[in-house]
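Reading the sequence shown from the start, the letters are residues 722 to 999 in my numbering.
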Amino acid sequence: MKVVFDNINIFKKGIFFLLCGVFLLLMSCSTKKSLAYLQEERGDSTMVAAAQELYDARIKPKDLLTITVNTFDREASVPFNLMFPSGSALPPTNTNGENSMQKYLVDNDGNIDFPVLGKIKVADMTKNQVEAYLKSQLRPYLKEEPLINVRMVNYKISVLGEVNRPNSYTITNEKVNVLEALALAGDLTIYGKRDNVKLMRESVDGKREVVILDLTDKNLIHSPYFYLQQNDVLYVEPNKTRMRNSKYSALTGQILTGVTAAVSVASLIVTIIAASGD
722 MKVVFDNINI FKKGIFFLLC GVFLLLMSCS TKKSLAYLQE ERGDSTMVAA
772 AQELYDARIK PKDLLTITVN TFDREASVPF NLMFPSGSAL PPTNTNGENS
822 MQKYLVDNDG NIDFPVLGKI KVADMTKNQV EAYLKSQLRP YLKEEPLINV
872 RMVNYKISVL GEVNRPNSYT ITNEKVNVLE ALALAGDLTI YGKRDNVKLM
922 RESVDGKREV VILDLTDKNL IHSPYFYLQQ NDVLYVEPNK TRMRNSKYSA
972 LTGQILTGVT AAVSVASLIV TIIAASGD
């Protein structure tokens, strides 16, 4: 009987190690070198920032803009604001007490139709440039210097692939970099390729480009693609482990189920034999 039980224990241990081996084959061993962002070379503990201008978003076709013109004499600025048709001479207000204005859609040629002034080309201009331009054009019509505010309403980016929360995100401050965008999406999963993130972008003239970003490279912060533009799409490609697991996940599940069933049947048979020997 002692021999039978010893054989049972050896058999169970063998099955246990077999299952552990299968499990380890399905798992990947990720090193710091493949996971860490903005890695430094050994002995280089500082990053010297290059002298660059602060990023400012530029307007593109299909952007939605709100443009408000304000003067001390409120009546004087009314003709230069897009108002909702409410029968009132002054723009209606929303629940917060702020003026609720209609939005300008930038057409494919990069123009908007501004009250009184007519068509104005705003594509590839920053908000500050549009504000300065409108001030210069409105001087003949106003006795005082107007306060002009331009905002982009539909500034959004999309993050797809191996991230925890893939989605489209509206950026209220109109400025976001690659790492901030990934943070909004809950960061990369352990299966995301950190050295091969694809950035898809459409320029003002309609040209589309795909740029490969390496998140492990510390020089990423100096890249012209570090700051995202409106409607940019980030795609995090899955690594080989994820693709392999995806391909064989169904088969692996069936194998594990079969092995478990076989272990249960074998244990039952051994138990019955041991009981019979008693």
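Note that the Cβ used here is the ideal one computed from N, Cα and C, for glycine as well. Note that the coordinates shown come from a computational prediction; the quantities given were computed from them, not determined experimentally.
Check	Outcome
Once the 5 residues before and after residue 837 are set aside, which same chain residues still bring their CB inside 8 angstroms of it?	800, 801 and 862
Under the rule that 16 or more other beta-carbon atoms within 10 Å means buried, what is residue 933, buried or exposed?	exposed
Any idea what DSSP makes of residue 809, helix, strand or coil?	The predicted model places residue 809 with a pLDDT of 48, which falls under 50 and marks its position as unreliable, so this point remains unresolved.
Tell me, please, which residues DSSP counts as bridged to residue 852.	Answer by DSSP bridge pairing: none, since residue 852 is not bridged.
Return the CA-CA distance between residue 778 and residue 947, expressed in angstroms with no decimal places.	13 angstroms
Report the residue ranges of all beta strand (DSSP E) runs contained in full by the region 843–914; include only those spanning at least 3 residues, in chain order.	868–873, 877–882 and 888–891
Terminal residues of the continuous alpha helix (DSSP H) containing residue 796?	795–798
Quick one: what does DSSP say residue 840 is sitting in, helix, strand or coil?	strand
To the nearest angstrom, report how far apart residue 890 and residue 920 are at their CA atoms.	15 angstroms
Taking the straight line between their C-alpha atoms, what separation do you get for residue 903 and residue 797?	46 angstroms
In the DSSP output, which residue or residues are listed as bridge partners for residue 918?	934 and 957
Would you list the residues sitting across from residue 1044 in a DSSP beta bridge?	In the structure as shown, the chain starts at 722 and stops at 999, and residue 1044 therefore has no counterpart that could be examined.
Any idea what DSSP makes of residue 780, helix, strand or coil?	coil
What residue range does the beta strand (DSSP E) around residue 834 cover?	832–835
Check residue 990 in the structure and name its three-state DSSP category.	helix
Report the CB separation of residue 922 from residue 950 in whole angstroms; it is logged as a contact under 8 angstroms.	6 angstroms
Tell me the DSSP bridge mates of residue 929?	923
By the three-class DSSP mapping on this structure, what secondary structure does residue 949 have?	coil
Kindly identify the DSSP beta-bridge partner or partners of residue 825.	786
CB-CB under 8 angstroms to residue 852, same chain, minus the five flanking residues each way: which ones, in chain order?	869, 870 and 871
Can you list, in chain order, the residues of its chain whose CB lies under 8 angstroms from that of residue 881, leaving out five sequence neighbours each side?	887, 954, 955, 956 and 957
According to DSSP, is residue 723 part of a helix, a strand, or is it coil?	Bear in mind that a pLDDT of 49 at residue 723, under 50, signals an unreliable position, so the number given afterwards is only what the model happens to contain. Note: residue 723 maps to helix in three-state DSSP.
Ordered along the chain, which non-local residues of its own chain (more than five positions away) have a Cβ less than 7 angstroms from that of residue 761?	939
Can you have a look at residue 931 and say buried or exposed, based on whether 16 or more other CB atoms are within 10 angstroms of its CB?	exposed
What does a CB cutoff of less than 6 angstroms around residue 831 pick up in its chain, not counting 5 residues either side in sequence?	782, 842 and 844
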